[in-house]
């Protein structure tokens, strides 16, 4: 019985996550897509700045200092200096809106939470991209929802 409930929960969780993203086959990863990724990251940066300002005092009131929300980029898990959205078509490039506070570091996997924007996964023969779908979703609302979830967990 537990396994059936777990499978139902995992299927629902995966379905909710999949609805937010567009799978991009390698054949469609090109300069036109790059423009969309750059725009998406710019939108993410703007919302991050606005929401960090809006939620800073709320987090501090709950004893969580130094709220930081930003667009984080890495290639194969390495956060390289000067990495920008201009490199978004490199294999293993990933960008995400990251949320940290208090003693958390900027290192990968140390985030309290993140929302993935773009990830270009490459296998041995083919690559695939996963792009946050701005047409079906509202990034600002998704970031705000994650902030509210974090506050409820505190």
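Residue numbers (the numbering used here): 13 to 166. Quick reminder that beta carbons are idealized off the backbone N, C-alpha and C, glycines included.
(message) So, at 6 angstroms on beta carbons, what are the nonlocal neighbours of residue 106 in its own chain, with the 5 sequence-adjacent residues on each side left out?
(response) 86, 131
(request) Run the proximity test for residue 62: is its beta-carbon closer than 8 angstroms to any non-hydrogen atom belonging to the ligand PLP? (result) As far as ligands go, the structure on display features none, and thus does not contain the ligand PLP.
(message) On the CB-based measure, 16 or more other CB atoms within 10 Å of its CB, does residue 111 come out buried or exposed?
(response) Using a 10 angstroms sphere on the CB of residue 111, the tally of other CB atoms reaches 16 or more, which defines it as buried.
(message) Counting C-beta neighbours from all protein chains within 10 Å, is the total for residue 135 16 or more, i.e. buried, or is it exposed?
(response) exposed
(request) From the DSSP output, in three-state form, read off residue 41 for me. (result) Three-state result, residue 41: coil.
(request) Note down the Cα distance separating residue 42 from residue 100, rounded to an integer number of angstroms. (result) 10 angstroms
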